[in-house]
Amino acid sequence: MTVLSRADQRLTPDIVQSVSFPSTRLGRRGLDEDHVRVFCKQVELELVRLLNERTSLQEEVRRLRTRVLGGDNDGGGPGYRREDAHVQAVGILSKAQLTADRYVADAQEYSRKLAEDARRRRDEVLAEAHALAAHVLEEAHERGNQAAQAALVEASAGGSPARGELEAELAYLRTYCDVYRTHLRAYLEALLRNVDQWENAERTAATDMPGRPSAALSRAAALPPLTGP
Amino acid sequence: MDPGRLRDSFARVAMHGDAVALFFYSDLFLRHPETRDMFPVSMAAQRDRLINALGRIVAEAGRLEELAPFLQVLGRDHRKFGALADHYAPVGESLLATLAHFSGEDWTPDLAAEWTAAYELVAQVMTDAAAHDARRNPAYWDATVLSHELRSFDIAVIRVATVQPLPYRPGQSVAVETALQPRLWRYYSMANAPREDSTIDFHVRMIDGGAVSMALTRGLEAGSWLRLGAPVGNLTFDAKPGRNVLLIGGSTGLAPVKAIAEQLSEMAEPPRTHLFMGARTEEGLYDLPALEKLAAGAPWLRVTACVSDQPDYAGQRGDLADVVARSGPWNGYDAYLAGSTAMTDAVASRLASLGIPDTQIHVEDFGWSNP
Numbered sequence: 001m002t003v004l005s006r007a008d009q010r011l012t013p014d015i016v017q018s019v020s021f022p023s024t025r026l027g028r029r030g031l032d033e034d035h036v037r038v039f040c041k042q043v044e045l046e047l048v049r050l051l052n053e054r055t056s057l058q059e060e061v062r063r064l065r066t067r068v069l070g071g072d073n074d075g076g077g078p079g080y081r082r083e084d085a086h087v088q089a090v091g092i093l094s095k096a097q098l099t100a101d102r103y104v105a106d107a108q109e110y111s112r113k114l115a116e117d118a119r120r121r122r123d124e125v126l127a128e129a130h131a132l133a134a135h136v137l138e139e140a141h142e143r144g145n146q147a148a149q150a151a152l153v154e155a156s157a158g159g160s161p162a163r164g165e166l167e168a169e170l171a172y173l174r175t176y177c178d179v180y181r182t183h184l185r186a187y188l189e190a191l192l193r194n195v196d197q198w199e200n201a202e203r204t205a206a207t208d209m210p211g212r213p214s215a216a217l218s219r220a221a222a223l224p225p226l227t228g229p
Numbered sequence: 001m002d003p004g005r006l007r008d009s010f011a012r013v014a015m016h017g018d019a020v021a022l023f024f025y026s027d028l029f030l031r032h033p034e035t036r037d038m039f040p041v042s043m044a045a046q047r048d049r050l051i052n053a054l055g056r057i058v059a060e061a062g063r064l065e066e067l068a069p070f071l072q073v074l075g076r077d078h079r080k081f082g083a084l085a086d087h088y089a090p091v092g093e094s095l096l097a098t099l100a101h102f103s104g105e106d107w108t109p110d111l112a113a114e115w116t117a118a119y120e121l122v123a124q125v126m127t128d129a130a131a132h133d134a135r136r137n138p139a140y141w142d143a144t145v146l147s148h149e150l151r152s153f154d155i156a157v158i159r160v161a162t163v164q165p166l167p168y169r170p171g172q173s174v175a176v177e178t179a180l181q182p183r184l185w186r187y188y189s190m191a192n193a194p195r196e197d198s199t200i201d202f203h204v205r206m207i208d209g210g211a212v213s214m215a216l217t218r219g220l221e222a223g224s225w226l227r228l229g230a231p232v233g234n235l236t237f238d239a240k241p242g243r244n245v246l247l248i249g250g251s252t253g254l255a256p257v258k259a260i261a262e263q264l265s266e267m268a269e270p271p272r273t274h275l276f277m278g279a280r281t282e283e284g285l286y287d288l289p290a291l292e293k294l295a296a297g298a299p300w301l302r303v304t305a306c307v308s309d310q311p312d313y314a315g316q317r318g319d320l321a322d323v324v325a326r327s328g329p330w331n332g333y334d335a336y337l338a339g340s341t342a343m344t345d346a347v348a349s350r351l352a353s354l355g356i357p358d359t360q361i362h363v364e365d366f367g368w369s370n371p
């Protein structure tokens, strides 16, 4: 038997669906009238309750709607609405600030990476230049020695050791200078080529975008490392 | 005032993390838009500073005798940002609004009164200190750049002249602001003893991605203007009869110890002094000629330069800690250290292991730079 025994218990669709009424006593047809009447009373109470709740919810919706749309003062009062708007504004400004913070942080990170790369590249270029300079001097020295050795042998064959030593020294210096001059010429030619490239780049850029000569500079080829004495 | 209650309340609010300071500054800027210009574009570091300062104030609330010196420094320090007594009420208003917002149900008139009283006390101590300071010092010192020398690709030596005299003790630092990076202040040490002509030298090393250091090394030129805060720092010479002096500077950490060396050179009888300067490569010994000149006419002063990362360097090679240790013994010396934290830590612990008492090792303390 599922008819409600307590008036305060809420009626649910499940209960309505599964309700069963006891049959009448022997000799009469149909359902027990008392039980049906009790049940109907409960349905009625439930409907009243639902209608009341619905009305108060509608009232609440109306009140909230006027508040959101900024209508006449009802319930909360003007102070409360302004407070809400202020908190919303704080939220918007905070989001904007976080965006600005991120842009600054990104830019800083980018500049840090650029500076790091430039520093590393600079160290590499310097190390390369040092190595190259050492190599040039080494080569000049070696070939100078060879020339000196040859001069010495030649002079000794001629029977004059003192003269041979002088000639050896002369041959060493002459060869050393030759080798050094060759490298220096190659370096200077490379530099001149770079200046030409720079000039060309500037000319091209000037026709590309006349208002921005600085862009041309960034296009110019990098100068080779200085490997002088 | 109930410090325990304030601490509990702050702990609950602080659980919301960065959102708290974010709300505070947005609230302040909305109510008083004119205050926005007192801050840099990016507020991330500023928010951390606010929460740290609040945390410290709340932690020490109730022990005013310990808290007062911190608040006084904070009050004086804020003068250079343009903070006036009138700003304290709006800040208090926004602070209360923030606490109320994040306290939710816990926020009662009682708790609000508790916080209001605490803030009024803090604001009183800060504004008193600022007013006291204002009777003797300007809010900041304007300085014009006389010369800007790029000594290596990442180190500049800058000479400025202040419009008003800026009294300081050798070894101290000032916060520096450049118009190239407004509202960003970084601390730099004066690299000379005070001069009659009010000129000051700064040694600046470019930090990759460091907005201010990049502007100072690469953007600044003669004629530029800087704004300087009040001198701070405790790495100052403590004259003790009969004691020798050991000055150790790593890279631009040379600046404060060079200022001390100049101070010693002005004494009638300078103490026996050994100055060590360290760098990664020879190029980093950016001020060696000036040091050698200082030592040339001074039998009391010895200068040693060393390089850590350049095997073909002809002079002393090695980390400062190693070079200093093998040049000892240092009994009878008071040591003054400045440079990166890694360098000062290494040297200080080495000196300690050589039996030099802590009290005789003075290390540049950056505690004041982070309020």
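Sequences listed follow chains A and B, in order. For the first sequence, my numbering begins at 1 and goes up steadily by one. For the second sequence, my numbering begins at 1 and goes up steadily by one. Cβ atoms here follow ideal geometry from the backbone N, Cα and C, with glycine treated the same way.
Subject >> Closer than 7 Å to chain A by CB, residue 208/B >> reply: Yes, its Cβ sits closer than 7 Å to a Cβ of chain A.
**OP:** Determine, using beta carbons only, whether residue 231/B and residue 172/B come nearer to each other than 7 Å.
**Re:** Their beta carbons are under 7 Å apart, which means residue 231/B touches residue 172/B by this criterion.
Original post:
By Cβ distance below 7 Å, which residues in the same chain neighbour residue 372/B in space, the five residues on each side in sequence not counted?
Top reply: With chain B covering only 1 through 371, there is no way to say anything about residue 372/B.
Original post:
If you pair each beta-carbon of the segment 179-188 of chain B with each one of the segment 210-223 of chain B, do three or more pairs fall below 8 Å?
Top reply: Cβ pair count under 8 Å is three or more, so yes.
Original post:
Taking the alpha-carbon positions, what's the residue 114/A to residue 330/B distance?
Top reply: Spanning the two alpha carbons is a distance of roughly 43 Å.
Original post:
How would you write the range of the alpha helix (DSSP H) that residue 162/B sits in, first residue to last?
Top reply: Note, residue 162/B: premise wrong, no alpha helix (DSSP H); beta strand (DSSP E) at 155-162.
Original post:
Mind listing which residues of the segment 307-329 of chain B have their C-beta closer than 8 Å to chain A's C-betas, in chain order?
Top reply: Per Cβ criterion, the list is empty.
Original post:
Going by C-alpha distance, which of 11/B, 141/B, 242/B, 87/B is nearest residue 270/B?
Top reply: Per the Cα distances, 242/B.
Original post:
In chain order, what residues of the same chain have a beta carbon less than 8 Å from the beta carbon of residue 310/A, not counting five sequence neighbours either side?
Top reply: Only positions 1 to 229 of chain A appear in this structure, which leaves residue 310/A out of reach.
Original post:
For residue 126/B versus residue 75/B, is the C-beta spacing smaller than 7 Å?
Top reply: In this structure, residue 75/B lies closer than 7 Å to residue 126/B by Cβ.
Subject >> Through-space distance from residue 51/A to residue 12/A, alpha-carbon basis >> reply: Near 15 Å, if we compare the C-alpha coordinates of residue 51/A and residue 12/A.
Subject >> Buried or exposed by the 16-neighbour rule on C-beta atoms within 10 Å, applied to residue 10/A >> reply: Answer is exposed; the Cβ neighbour count stays below 16.
**OP:** Would you kindly work out how many angstroms separate the C-alpha atoms of residue 48/A and residue 7/B, rounded to a whole number?
**Re:** Residue 48/A and residue 7/B: Cα-Cα distance of roughly 52 Å.
Original post:
Cβ of residue 42/B less than 7 Å from any chain A Cβ?
Top reply: For residue 42/B, at least one C-beta of chain A is nearer than 7 Å to its own C-beta.
Subject >> Span separating the alpha-carbon of residue 28/B from that of residue 59/B >> reply: Rounded to the nearest angstrom, the gap between the Cα atoms of residue 28/B and residue 59/B is 24 Å.
Original post:
With distances taken from CA atoms, which of 190/B, 196/B, 195/B is nearest residue 203/B?
Top reply: For the options 190/B, 196/B, 195/B, the alpha carbon positioned closest to that of residue 203/B is the one of 190/B.
**OP:** Determine the direct distance from the alpha carbon of residue 118/B to that of residue 95/A, and round the result to whole angstroms.
**Re:** Approximately 30 Å between the Cα atoms of the pair.
Original post:
Looking only at its own chain, which residues have a Cβ that is under 7 Å from the Cβ of residue 95/B, when we skip the five neighbours before and after it?
Top reply: Around residue 95/B: 24, 119.
Original post:
Which same chain residues, not among the five before or five after residue 32/A, have their C-beta less than 8 Å away from its C-beta?
Top reply: Excluding sequence neighbours, residue 32/A sits near 21, 22, 23, 24.
Original post:
Which of helix, strand or coil does DSSP assign to residue 16/B?
Top reply: It is coil, neither helix nor strand.
**OP:** Using three-state DSSP, classify residue 225/A as helix, strand or coil.
**Re:** With a pLDDT of 45 at residue 225/A, under the threshold of 50, the modelled position of this residue cannot be trusted, and the question is left open.
Original post:
Does DSSP put residue 117/A in a helix, in a strand, or in coil?
Top reply: Note: residue 117/A maps to helix in three-state DSSP.
Original post:
Is it true that the CB of residue 306/B sits closer than 7 Å to the CB of residue 339/B?
Top reply: No, Cβ-Cβ distance for residue 339/B and residue 306/B is not below 7 Å.
Subject >> Segments of 4+ residues assigned as alpha helix (DSSP H) that fall wholly inside the segment 279-348 of chain B >> reply: With a minimum length of 4 residues, the continuous alpha helix (DSSP H) runs that stay inside the segment 279-348 of chain B are 288-296, 320-326.
**OP:** Could you confirm whether any beta carbon from chain B is found closer than 7 Å to the beta carbon of residue 120/A?
**Re:** Not one beta carbon of chain B lies nearer than 7 Å to the beta carbon of residue 120/A.
Original post:
Apart from the five residues on each side of it in sequence, which residues of its chain come closer than 8 Å, Cβ to Cβ, to residue 289/B?
Top reply: Here the set comprises nothing.
Original post:
DSSP state of residue 32/B, grouped into three classes?
Top reply: Of the three classes helix, strand and coil, the one that applies to residue 32/B here is coil, per DSSP.
**OP:** State the Cα-Cα distance for the pair residue 233/A and residue 105/B, rounded to the nearest angstrom.
**Re:** Outside the shown range of chain A, which is 1 to 229, sits residue 233/A, and nothing can be said about it.
**OP:** Note down the Cα distance separating residue 139/A from residue 179/A, rounded to an integer number of angstroms.
**Re:** Those two C-alpha atoms are separated by around 8 Å.
Original post:
Which residues, taken in chain order from the segment 80-93 of chain A, show a beta carbon closer than 9 Å to some beta carbon of chain B?
Top reply: Listed in chain order, the positions of the segment 80-93 of chain A with a beta carbon within less than 9 Å of a beta carbon of chain B are 86, 87, 89, 90, 91, 92, 93.
**OP:** Could you tell me which residues DSSP pairs with residue 143/B in its beta bridges?
**Re:** Residue 143/B is bridged to 162/B, 226/B.
Original post:
Cα separation between residue 266/B and residue 249/B?
Top reply: Looking at the two C-alpha atoms, the distance is approximately 20 Å.
Original post:
What residues from chain B crowd round residue 196/A, counting only those whose CB sits closer than 9 Å?
Top reply: Simply none; closest approach about 27 Å.
Subject >> 4 or more residues per run - each alpha helix (DSSP H) lying fully within the segment 155-218 of chain B >> reply: Qualifying alpha helix (DSSP H) stretches, in chain order: 211-214.
Subject >> Closer than 7 Å at the beta carbon, the chain A residues around residue 211/B >> reply: Simply 108.
Original post:
Any C-beta of chain A sitting closer than 7 Å to the C-beta of residue 30/B?
Top reply: For residue 30/B, the answer is yes, since a Cβ of chain A falls inside 7 Å of its Cβ.
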